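If you're matching positions, the sequence shown starts at 28 in my numbering and goes up one per residue. From the three backbone atoms N, C-alpha and C, an ideal C-beta is built for every residue, glycine too. Given the structure is predicted, the values throughout are model-derived calculations rather than measurements. Written below as structure tokens is the structure these notes are about.
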Amino acid sequence: MRRRTRHLAAATLALTVVGVSVAAAQNADALHLQARELLRRNDVAAALPLFENCVAAEPANSRHRQWLGRARGLQTAQKGIAAGIGGANKVKAEFEKAIELEPNNLEARHDLAVLYRVVPRLFGGSNAKAAEQVAIIRQKDPALATQIEADFLARDKKPREAIAMHEKSIRLNPARPRPHVSIAILYQGLKEWEKSFAALDRALALDPKYPIALYQLGRAASLSGAQLDRGEKALRTYLALPIRPELEYPPLASAHHRLGGILEKNGDRQAARAEYETALRIDSAHKDSRAAREDLKR
Numbered sequence: 028m029r030r031r032t033r034h035l036a037a038a039t040l041a042l043t044v045v046g047v048s049v050a051a052a053q054n055a056d057a058l059h060l061q062a063r064e065l066l067r068r069n070d071v072a073a074a075l076p077l078f079e080n081c082v083a084a085e086p087a088n089s090r091h092r093q094w095l096g097r098a099r100g101l102q103t104a105q106k107g108i109a110a111g112i113g114g115a116n117k118v119k120a121e122f123e124k125a126i127e128l129e130p131n132n133l134e135a136r137h138d139l140a141v142l143y144r145v146v147p148r149l150f151g152g153s154n155a156k157a158a159e160q161v162a163i164i165r166q167k168d169p170a171l172a173t174q175i176e177a178d179f180l181a182r183d184k185k186p187r188e189a190i191a192m193h194e195k196s197i198r199l200n201p202a203r204p205r206p207h208v209s210i211a212i213l214y215q216g217l218k219e220w221e222k223s224f225a226a227l228d229r230a231l232a233l234d235p236k237y238p239i240a241l242y243q244l245g246r247a248a249s250l251s252g253a254q255l256d257r258g259e260k261a262l263r264t265y266l267a268l269p270i271r272p273e274l275e276y277p278p279l280a281s282a283h284h285r286l287g288g289i290l291e292k293n294g295d296r297q298a299a300r301a302e303y304e305t306a307l308r309i310d311s312a313h314k315d316s317r318a319a320r321e322d323l324k325r
């Protein structure tokens, strides 16, 4: 009888622990989505403690570590040179921990490679270390490694070479929409709008609700004055999207700003002003929206 009671108590305790673990994971997932939404609003200061709570709740979760690193990276970028080497090291530590927890987290390796590539050598930057991460990624996902190399070419102000490299990435994995969006952005920089729209069409054919493609379609329309109705629809669709944890999302304020630009080009100044003001309510530091709103007063 006593043994049966002990077994029952042990089983009850095990079920309780499992229940607590499941609840903690669910709570961490909810916090993660809240933090991601705050990042979309450029509220890094509010997002950081939520990501920290996610890590505290699930210390072995690689994704939480990776996004804490991304949030710290945004914080470091906002502080600029004042963040110094300490800020860069905190970001690197989170990415390295994410990789330690899950060596096949290729997105975390991607983030670490980008960090090594963009940070000055004084603060720990290293093209060689970036290349090491890309080489590891290539073993598992050659298309992603090629995409990263294309992004590096774009950063080095070699848009044509970057486009060619992204096209190579697409040949390696035709199902991935991201390289098409990157090509579209590069064509926007070259003011080759038809090619930009065509690349975005290819991305959206693969995923009609791919957030970055929807945003970039609106951005291209706002900047070029072409396909304004499509651009407006794309931005409104983007603004209504729930967050998919596996994807990245452009800032909400920027989407409202681009929507304002489209409405202004269509002659609806009142609606445009409302979008600029919405952008500023979301992110009071959004300079482009502030300038656009002031221009409407003239």
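Q. Alpha carbon to alpha carbon, what distance is there between residue 113 and residue 75?
A. 17 Å
Q. Where do the N-terminal and C-terminal ends of the alpha helix (DSSP H) with residue 154 fall, by residue?
A. In the DSSP annotation of this structure, the continuous segment of the alpha helix (DSSP H) that includes residue 154 starts and ends at 154-167.
(Q) Among the candidates 196, 89, 152, 85, whose CA atom is the shortest distance from the CA of residue 123? (A) 89
Q: Take residue 134 and list the residues in its own chain whose beta-carbon comes closer than 7 Å to its own, dropping the five residues that flank it on each side.
A: Within the same chain, residue 134 has close Cβ partners 93.
Q.
Could you check whether the region 309-319 touches the region 59-74, counting it as contact only if at least three pairs of C-beta atoms, one from each stretch, sit closer than 8 Å?
A. yes
Q: Could you tell me whether the Cβ atoms of residue 181 and residue 157 are closer together than 7 Å?
A: no
Q) In or out: residue 221 buried (at least 16 other Cβ within 10 Å) or exposed? A) exposed
Q: Please state whether DSSP places residue 311 in a helix, a strand or coil.
A: Coil.
Q | Three-state class that DSSP yields for residue 129 in the structure shown | A | It is coil, neither helix nor strand.
Q: My understanding is that residue 319 touches residue 283, with C-beta atoms under 8 Å, so please give their C-beta distance in whole angstroms.
A: The Cβ separation is near 11 Å, so there is no contact.
**Q.** Alpha-carbon to alpha-carbon, residue 193 and residue 165
**A.** 15 Å
Q: Report the rounded CA-to-CA distance for residue 245 versus residue 262, giving the unit in angstroms.
A: Cα to Cα, residue 245 sits roughly 5 Å from residue 262.
Q: Would you mind sorting residue 138 into buried or exposed? The rule is 16 or more other CB atoms within 10 Å of its CB.
A: buried
Q: Quick one: residues in its chain with C-beta nearer than 6 Å to the C-beta of residue 174, no 5 flanking neighbours on either side, listed in chain order?
A: Correct list, in chain order: 196, 206.
(Q) Short of 7 Å in beta carbon distance, which residues of its chain neighbour residue 296, apart from the five on each side in sequence? Order them along the chain. (A) 323
Q. Three-state secondary structure (DSSP) at residue 76?
A. helix
(Q) DSSP three-state label for residue 325, please. (A) coil
Q.
Report the CB separation of residue 125 from residue 131 in whole angstroms; it is logged as a contact under 8 Å.
A. Actually they are not in contact, since the Cβ atoms of residue 125 and residue 131 sit about 11 Å apart, beyond 8 Å.
Q.
I'd like to check one pair, residue 189 with residue 227: are the Cβ atoms closer than 7 Å?
A. No. Outside cutoff.
Q) Given a threshold of 16 other Cβ atoms within 10 Å of its Cβ, counted over all protein chains shown, does residue 238 qualify as buried or as exposed? A) buried
Q. Do you know how far the Cα of residue 63 is from the Cα of residue 286?
A. 22 Å
Q. Which two residues bound the contiguous alpha helix (DSSP H) that contains residue 241?
A. 238-251
Q.
Considering only the alpha carbon of each residue, which of 115, 169, 265 lies closest to residue 280?
A. 265
Q | 8 Å CB neighbourhood of residue 176 in its chain, flanking five on each side removed | A | 161, 192
Q. Buried or exposed: residue 77, going by 16 or more other Cβ atoms within 10 Å of its Cβ?
A. buried
Q. Exposed or buried, what is residue 333 when buried is set at 16 or more other beta-carbons lying within 10 Å of its beta-carbon?
A. The chain is shown from 28 up to 325; residue 333 falls before or after that span and cannot be answered.
(Q) Spatial neighbours of residue 255 within its chain, please: C-beta separation below 7 Å, excluding the five flanking residues on both sides. (A) Around residue 255: 248, 289, 292, 293.
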